[in-house]
Amino acid sequence: MAQEFAQGSAGLGKVKVEINGVQEILDVQIDDSLMSDKEKLQDLIKEATNDAIKKIQKQMAVKMRGQMGDQLPM
């Protein structure tokens, strides 16, 4: 699972968060233009992190469904 990756973004891509399949944050990128607005930056980091978590959870669910096949209930 640690080999799976997802990137979440917020603020039209001005904040990006990359996580792996065990939901560890690997990278955070912040556009310089956001450095002067602390509250906006905090909100965008939360939004980008939540976006990345949703993406990796969906990715992992699809992968597990593929591995388990008919064993998982519908």
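The sequence shown begins at 1152 in the working numbering and counts up by one. All C-beta atoms, glycine included, are put in the ideal place defined by N, C-alpha and C. If you're wondering where the values come from, they're calculated on a predicted model, not measured in any experiment.
Can you tell which of the options has its C-alpha closest to the C-alpha of residue i?
| i | options | result |
| --- | --- | --- |
| M1152 | Q1174, G1159 and K1189 | Q1174 |
| L1163 | E1198, K1205, E1190 and M1215 | E1198 |
For residue i, collect the residues of the same chain with a Cβ closer than 7 angstroms to its Cβ; drop the 5 residues on either side in sequence, then sort them by chain order.
| i | result |
| --- | --- |
| N1171 | A1153, E1155, F1156 and L1177 |
| S1160 | V1166, K1167, A1199 and D1202 |
Ordered along the chain, which non-local residues of its own chain (more than five positions away) have a Cβ less than 6 angstroms from that of residue i?
| i | result |
| --- | --- |
| V1179 | V1168 |
| Q1218 | none |
Are the CB atoms of residue i and residue j nearer to each other than 9 angstroms?
| i | j | result |
| --- | --- | --- |
| I1196 | I1181 | yes |
What three-state label does DSSP hand residue i in the structure shown?
| i | result |
| --- | --- |
| Q1218 | helix |
| A1212 | helix |
| D1178 | strand |
| E1198 | helix |
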